[in-house]
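Written as structure tokens, this is what we have:
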């Protein structure tokens, strides 16, 4: 069962890494609160005790742990960790934090369709991976008023999650990857080169949206509808994913619409209404990769150039921009070859940084 709030708070107050058992995970779910040792250390200890467990044959078996990281009083963030023995055996361990967009959750990074289990593929490649549900969504805590879950709110909670990932993974610095609003959060986390190693920003809008973006997402009636949701929470339905799923294969569309609709805080949905940009990437201090589709219907092509120029302009971080010819807003979940090209760009970036 999930640990009590009191237990989680004690772990948080002691500045320990907090996590508790969550939903059943496949193939494994581990309960752990503030032990000071992450699952990777346990894997290596088990191998030492029983050499038969250390067989190379199971190096790529993906293990899953559900963490509940305390980020404040009565506040926890649900984090899904996936790793393999290959991750544990790397001399240069790598941990990757995956930050989702506005109306999606952690499992959006591991869609249960062949070719679209990105988090699993990262784990098999030797990267210890962590995907989050922001507060106000999924398995995380829900503030009384969803309007309080602003961009700044998510940046601050994600800094605490980042610190937990460093301890759980046993790494000094974490690679951060964000899509859409997750990229906005990631760009600000990467102002700390002592705790972050690299940054991937995909499916972004910075200063200049397309006519479709302004006519739909900044439509006064649409914004009033979001702002007027009871207690600041929206129960999303399939029709609100119109800009996410159309270019995906049918099985991917079905999987997304079966898992992502649900209850979400509206605070960050309203962020663009206050003016673009709503985030500041200029203080970033680590290398970044920016990915945009050439047919992106949300951000103008010049917008990615502006983001590249602004990223790290005050902090010293340098961004590289790549475009995927023919891809739309979220290439990772689109049909092949766009999804494959997106993954190739990401893996090559991680390999060289």
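In this note's numbering, the protein residues as written are 592 to 944.
Glycine is no exception: its CB is placed at the ideal position from the N, C-alpha and C atoms.
Per DSSP, the beta bridge partners of residue 769 are 690, 792. Bridge pairing for residue 914: 883 [DSSP]. In this chain, the beta strand (DSSP E) harbouring residue 671 covers 666-674. Taking the CA atoms as reference points, residue 667 sits about 10 Å from residue 734. Around the Cβ of residue 723, a 10 Å sphere holds 16 or more other Cβ atoms; the residue is buried.
In the three-state reduction of the DSSP assignment, residue 758 falls in the helix class. Contact between residue 689 and residue 700 holds, with the beta-carbon distance rounding to 5 Å and staying under 8 Å. For residue 931, the enclosing alpha helix (DSSP H) stretches over residues 929-943.
By the C-beta density criterion, residue 673 is buried, having at least 16 other C-beta atoms within 10 angstroms. Distance from the CA of residue 737 to the CA of residue 682, rounded to the nearest whole angstrom, comes to 42 Å.
Here the alpha carbon of residue 691 sits roughly 24 Å from the alpha carbon of residue 819.
Straight through space, the alpha carbons of residue 910 and residue 850 are spaced by roughly 33 Å. Pairing residue 660 with residue 777 gives a Cβ-Cβ distance that is not under 7 Å. Secondary structure in the region 851-881: the beta strand (DSSP E) runs of 3 residues or longer, each lying completely within the stretch, are 854-856 in chain order.
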